[in-house]
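Input: a single structure, listed below in structure tokens.
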Amino acid sequence: MEEITDPSKLTYDARGLIPCVVQQYDTGEVLMVAWMNEESVGLTLKTGTTWFWSRSRQELWNKGATSGNMQEVKELWADCDSDTLLVKVDSPDPACHTGNRTCFFKRVEGGAR
75 MEEITDPSKL
85 TYDARGLIPC
95 VVQQYDTGEV
105 LMVAWMNEES
115 VGLTLKTGTT
125 WFWSRSRQEL
135 WNKGATSGNM
145 QEVKELWADC
155 DSDTLLVKVD
165 SPDPACHTGN
175 RTCFFKRVEG
185 GAR
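The working numbering runs 74 ahead of the 1-based position in the sequence shown.
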């Protein structure tokens, strides 16, 4: 069952942030995880490109504005508790600041399996 959620119903943490998983819309590949605040959610919906809140720089950033690796938003989903977002994008270029396609390129191994 699909429901429509108003952005004002999202649940932000004590810092006013909500985690956002970024996924390639046609393959399902997870590209990155970033943080959004109410303003970046609004800008993402308004512009059709991803906007995030940088916790280290304490400022908004439009993904790809500097690198040229823009992400075209296809869909924005909230989880069942409305406290985590999933943004499905078309991201033809690398999503990671390292130049990798995805930020998830480090496999963790060791310990019990």
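We treat Cβ as the ideally placed atom computed from N, Cα and C, and that holds for glycine.
Should residue i be labelled buried (16 or more other beta-carbon atoms within 10 Å of its own) or exposed?
i    : result
V107 : exposed
K83  : exposed
L119 : exposed
V163 : buried
W127 : buried
K137 : buried
A186 : exposed
What would DSSP say about residue i, mapped onto helix, strand or coil?
i    : result
K162 : strand
Per the DSSP calculation, residue i is bridged to which residue(s)?
i    : result
S128 : E133
In its own chain, which residues sit with a C-beta less than 6 Å from the C-beta of residue i, not counting the 5 before and 5 after it?
i   : result
Y86 : I92
Report yes or no: do three or more beta-carbon pairs, one from the stretch 127 to 134 and one from the stretch 143 to 160, lie closer than 8 Å? Output reads no: the stretch 143 to 160 does not touch the stretch 127 to 134.
When the Cβ atoms of the stretch 163 to 179 are set against those of the stretch 95 to 112, are three or more pairs found closer than 8 Å? At 8 Å Cβ cutoff, the stretches touch.
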